[in-house]
Amino acid sequence: MQKAYLEAISVPEAWGILDSIAERTPVTIAVIDDGIEAVHPDLKGTVIKGYNVIDKNDDTRPRGRHGTGMAGIVGAIRNNMIGLAGILDSVRILPIFDGEVPSFPAMADAFTYLINGTKEDVKVILMTEGSDSESSQALTDKIQEANAAGMLVVVTAGNKHRDLDINPDFPCSFGRSPADGVLCVAATYGPNMQLTDGSNFGSAVDIAAPGNGIVTTDLEGKYATGKGTSGAAAIVAGIAGMLYSLEPSLKAKLTPAYIK
Numbered sequence: 001m002q003k004a005y006l007e008a009i010s011v012p013e014a015w016g017i018l019d020s021i022a023e024r025t026p027v028t029i030a031v032i033d034d035g036i037e038a039v040h041p042d043l044k045g046t047v048i049k050g051y052n053v054i055d056k057n058d059d060t061r062p063r064g065r066h067g068t069g070m071a072g073i074v075g076a077i078r079n080n081m082i083g084l085a086g087i088l089d090s091v092r093i094l095p096i097f098d099g100e101v102p103s104f105p106a107m108a109d110a111f112t113y114l115i116n117g118t119k120e121d122v123k124v125i126l127m128t129e130g131s132d133s134e135s136s137q138a139l140t141d142k143i144q145e146a147n148a149a150g151m152l153v154v155v156t157a158g159n160k161h162r163d164l165d166i167n168p169d170f171p172c173s174f175g176r177s178p179a180d181g182v183l184c185v186a187a188t189y190g191p192n193m194q195l196t197d198g199s200n201f202g203s204a205v206d207i208a209a210p211g212n213g214i215v216t217t218d219l220e221g222k223y224a225t226g227k228g229t230s231g232a233a234a235i236v237a238g239i240a241g242m243l244y245s246l247e248p249s250l251k252a253k254l255t256p257a258y259i260k
């Protein structure tokens, strides 16, 4: 099952290219979610010390299964003879816990920490949370600050099969400019990459990726299969990380707008 959606977007071919390039750099990807099971056998050593914006400490143990699933899609260890392979190897996953029930203030606090509070050189921020009932200027401002600091922000289109030009979903609908550093991701299925029945759509969407039958890490060292725009966004975050890892060989500083 995993092989099918990876092959649909030519990930194995990308691995072959990356493996042939000597000059690569590890990439740090922040995952804003409900915590990550750092001791999972397919994530162990990949998840680094993160931050809990609710309790103001480094306790990012999972309170739910979502964040662990996102981490596995991005960076489950490849070629370790168990489980599955994430999109990107040589990745450092920085967990940011923003609550079991996320809120815009907590999301904004997560961005504040990533902009000002961490010494890690974060290149990509994956945030699969949002709202279709309200927006937040404070969060919009923080996303723009993160872009200015060199971080690409990857968000989901949402899973209600809505036209976002009529019914906006935030933060996806923040990123309408092609020059900004926000990538809003819809979900597809099948070899023809058709939009899934649940995925939102509209002009705010920048890109689509597989979002059906996505195999990933789960709690207690297990694995699970999921669907939706969250998994699609995690795939895109991992692929963005691939591009950032090539900075040394390209001898160029890549910007969020360039990656987009």
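The end of the sequence shown is residue 260 by the UniProt record's numbering, with every number in the run present. Quick reminder that beta carbons are idealized off the backbone N, C-alpha and C, glycines included. Computed from a prediction, not measured in an experiment: that's the story for all the values here.
Nearest candidate by alpha-carbon position, reference residue i, set the options
i, options, result
"A146", "A233, L250 and L126", "L126"
"A76", "G50, E37, K56 and G99", "E37"
"A186", "E247, F174 and V155", "V155"
"S131", "R162, L152, A149 and Y51", "R162"
"A204", "N167, T68 and L254", "N167"
"N192", "N212, I239 and A240", "N212"
"E23", "T217, S245 and I259", "S245"
"M151", "I115, K44, D98 and A108", "I115"
"G72", "M107, G226 and G202", "G226"
"residue 270", "V31, F104, A257 and D98", "Residue 270 is absent from the structure shown; the chain starts at 1 and stops at 260."
"K160", "C184, S136, T229 and A148", "T229"
Limits of the alpha helix (DSSP H) - the one that residue i falls within
i, result
"D19", "V11 to D19"
"D141", "Q137 to A148"
"G72", "H66 to G75"
"P210", "Run containing P210: none in the alpha helix (DSSP H); it sits in the beta strand (DSSP E), I207 to P210."
Three-state secondary structure (DSSP) of residue i
i, result
"L84", "coil"
"L246", "coil"
"S131", "strand"
"G221", "helix"
"G198", "coil"
"T229", "helix"
"V47", "strand"
"V215", "strand"
"L6", "helix"
"A157", "coil"
"V236", "helix"
Cutoff 8 Å; reference residue i; Cβ partners in own chain excluding five residues on either side
i, result
"E13", "none"
"E247", "T25, K253 and L254"
Any C-beta of chain C under 8 Å from that of residue i
i, result
"L164", "Among the chains of the structure shown, chain C does not appear; only one protein chain is present."
Outcome for residue i when other beta-carbon atoms lying within 10 angstroms are tallied against a minimum of 16
i, result
"S10", "exposed"
"M81", "exposed"
Neighbourhood of residue i by C-beta distance below 7 Å, restricted to the same chain and skipping five residues each side
i, result
"G221", "H40 and P41"
"S173", "L164 and A204"
"I143", "F111, V153, P171, F174 and V182"
"Y113", "Y51, V53 and I96"
"G69", "T216, T217, D218, A224 and G226"
Run of the beta strand (DSSP E) containing residue i, from where it starts to where it stops
i, result
"F97", "V91 to F97"
"K123", "V122 to M127"
"L114", "Premise fails: L114 is in no beta strand (DSSP E) and is neither H nor E."
"A30", "V27 to D33"
Cβ shell of residue i (< 6 Å), same chain only, five flanking positions each side left out
i, result
"T196", "A187, Y189, G211 and N212"
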